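Novice: Supplied in structure tokens, the structure appears directly below.
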Amino acid sequence: MLEIENFSGVIVVARDGQPPAIRTTGPWTPDTPFQIASVSKNFAATLALMLVEDGLLDLHEPVTRWLPEAQEGISLHHLLSNTSGIGHWQDVPGMDPETPATRDERLALVVRAPLLSEPGTEFRYSSPAFLLASVVAERAAGRPYTELLSEKVIEPLGLTATGSGVAPVGVAPGHHAGTPVEPWDLRSMIGSGDLFSTATDLVAYAHALHDGNLVSPASLALMRTRHIAFPEPERTPDGRHSIAGYGYGHYVGTFDGRPAVLHTGDNPGYKSLLGWFPDGVVVVALSNDDAVQWEDVLPHLLS
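Position 281, counted from 1, in the sequence shown is what the UniProt record's numbering calls 281; the numbers after and before it change by one each time, with no gaps.
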């Protein structure tokens, strides 16, 4: 059995038609809820593409149609591909993600923040950009983000243990290297890192997205297209897994030279990973200790 330093949580490696391989450490099961951190961005991108297919959103229209207060020149494409020029939480003047705030208070800070690069020119990982994308979805559809996500993704797939913002009963408590960590209040961070879920629900979601049960093949291909390339690919220590850029809510790369996409998450006390690998393999990894390093683990899980 693979020993993973600082690991407490659940890992599932699944392929359609075969029993999943499950590894748990601690009192957790595939049905234990965890914060899934920035894996939430994959859900947000899926919802946005569903609204594009419904004709409510346009990937390349300026988001000022829905957010007149937003910075000029930004489209939904830029927000979903992390090329808007908006920085991460620490780059937004006045933003402290550890301090509770309302969604609208966070939104006001983000739209006032100066862009760090011209839209479409550079990759800048940005949770605030996904907050904006989620508010754009709300305004285009005329309903709250959490309601939209539930109606279009969570309920149709029967993801009964997946939800936004409020920690469910039985959630695994977060740690750093074994020391308890005070969790963030996620209710104001829609689309960026707000979801709680289980390995069981995430495997179901991963198969549904890949199999075309949420968006069309054309939309899924857009989500998994490398819209921005990294200056240098990021590789696991053994070189088998490489990430070369970002799509919409997906890191785009290869495993053993074949296409592979994933998203990771990192909230205080939690790490998460959702990935689609060659031969129909889905990997879900949820840890309630943020000291774990997935890049050291993935090659062993997929060998």
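Just so you know, even glycine gets a beta-carbon here, dropped at the ideal spot from N, CA and C.
On a predicted model such as this, the values are computed, not experimentally measured, just so you know.
Are at least three pairs of beta-carbons, each pair with one atom in the region 98-107 and one in the region 156-166, less than 8 angstroms apart?
Specialist: The region 98-107, when compared against the region 156-166, does not touch it at the 8 angstroms Cβ threshold.
Novice: Is there contact here, the region 22-36 with the region 165-177, by at least three beta-carbon pairs under 8 angstroms?
Specialist: Yes, the region 22-36 touches the region 165-177.
Novice: Could you tell me the distance, in whole angstroms, from the CA atom of G87 to the CA atom of V111?
Specialist: The alpha-carbon atoms of G87 and V111 are separated by roughly 11 angstroms.
Novice: Classify V135 as helix, strand or coil using the three-state DSSP reduction.
Specialist: Of the three classes helix, strand and coil, the one that applies to V135 here is helix, per DSSP.
Novice: Here's the rule I'm using: 16 or more other beta-carbon atoms within 10 Å means buried, otherwise exposed. How should R143 be labelled?
Specialist: R143 is exposed by the Cβ-count criterion.
Novice: Starting from the Cα of S219, find the closest Cα among F123, P237, G249, V181 and give me that residue.
Specialist: With distances taken between Cα atoms, S219 lies closest to G249.
Novice: Give me, in chain order, the residues of the same chain whose beta-carbon lies closer than 7 angstroms to that of A129; leave out the 5 immediate sequence neighbours on both sides.
Specialist: So the qualifying residues of the chain are L79, N82, S84, I86.
Novice: Spatial neighbours of P237 within its chain, please: C-beta separation below 8 angstroms, excluding the five flanking residues on both sides.
Specialist: E295, D296, P299, listed in sequence order.
Novice: For A37 versus Y246, is the C-beta distance shorter than 7 angstroms?
Specialist: Contact: no.
Novice: Classify D194: buried if its beta carbon has 16 or more other beta carbons within 10 angstroms, exposed otherwise.
Specialist: Label assigned to D194: buried.
Novice: Find out if the Cβ-Cβ distance for the pair F230, A244 is shorter than 7 angstroms.
Specialist: For F230 and A244, yes; Cβs fall inside 7 angstroms.
Novice: Under the assumption that A199 contacts V52 (Cβ atoms under 8 angstroms), give the Cβ distance between them as a whole number of angstroms.
Specialist: Actually they are not in contact, since the Cβ atoms of A199 and V52 sit about 29 angstroms apart, beyond 8 angstroms.
Novice: State yes or no: is the C-beta of T59 within less than 7 angstroms of the C-beta of H77?
Specialist: Note on residue identity: the sequence assigns Leu, not Thr, to residue 59. Yes, these two residues count as a Cβ contact at 7 angstroms.
Novice: Measuring straight from C-alpha to C-alpha, what distance separates V292 and F7?
Specialist: Using only the alpha carbons, I get a separation of about 6 angstroms.
Novice: Taking 6 angstroms as the cut-off, is the C-beta of Q18 nearer than that to any heavy atom in the ligand MG?
Specialist: Only the bare structure without any ligand can be found here, which leaves the ligand MG out of the picture.
Novice: I think A208 touches W276, with their Cβ atoms under 8 angstroms apart; what is that distance to the nearest whole Å?
Specialist: Not confirmed; about 12 angstroms, so no contact.
Novice: Assuming D201 is part of the alpha helix (DSSP H), what are its boundary residues?
Specialist: Taken as a continuous stretch (DSSP letters only), the alpha helix (DSSP H) holding D201 covers 199-210.
Novice: For T146, which of helix, strand or coil comes out of DSSP?
Specialist: Residue state, collapsed to three classes: helix.
Novice: Using CA atoms only, rank isn't needed, just tell me which of L131, V136, G17 is closest to L67.
Specialist: The option with the nearest alpha carbon to L67 is V136.
Novice: Quick one, which of G280, V252, G178, L132 has its alpha-carbon nearest E69's?
Specialist: It is L132.
Novice: Can you give the Cα-Cα distance for T179 and D54, rounded to whole angstroms?
Specialist: Near 46 angstroms, if we compare the C-alpha coordinates of D54 and T179.
Novice: Starting from S40 and walking both ways along the alpha helix (DSSP H), at which residues does that stretch end?
Specialist: 40-53 is the span of the alpha helix (DSSP H), which, as asked, contains S40.
Novice: With the cut-off set at 7 angstroms, would you say V92 and A108 are in Cβ contact?
Specialist: Against a cut-off of 7 angstroms, the Cβ pair of A108 and V92 comes out as no contact.
Novice: In the DSSP assignment, the alpha helix (DSSP H) including A221 goes from what residue to what residue?
Specialist: Residues 217-223.
Novice: Assuming P19 is part of the alpha helix (DSSP H), what are its boundary residues?
Specialist: From DSSP, P19 is part of no alpha helix (DSSP H) but of the beta strand (DSSP E) over 18-25.
Novice: According to DSSP, is F130 part of a helix, a strand, or is it coil?
Specialist: If DSSP states are grouped into helix, strand and coil, F130 belongs with the helices.
Novice: Sorted by chain position, which residues of the same chain lie with C-beta nearer than 7 angstroms to N288's C-beta, five sequence neighbours on each side aside?
Specialist: Here the set comprises S8, G9, F34, A172, P173, G174, H175, G269, Y270.
Novice: Measuring only the C-alpha atoms, how far is M50 from I4?
Specialist: Their backbone Cα atoms lie some 37 angstroms apart in a straight line.
Novice: Taking the alpha helix (DSSP H) that A108 belongs to, which residues open and close that run?
Specialist: Residues 103-112.
Novice: According to DSSP, is R15 part of a helix, a strand, or is it coil?
Specialist: In the structure shown, R15 sits in a strand (DSSP, three-state: E or B).
Novice: Do you know offhand how far V283's Cα is from A177's?
Specialist: So the alpha carbons of these two residues sit roughly 23 angstroms apart.
Novice: The beta strand (DSSP E) that contains L79, what's its start and end?
Specialist: Run containing L79: none in the beta strand (DSSP E); it sits in the alpha helix (DSSP H), 76-80.
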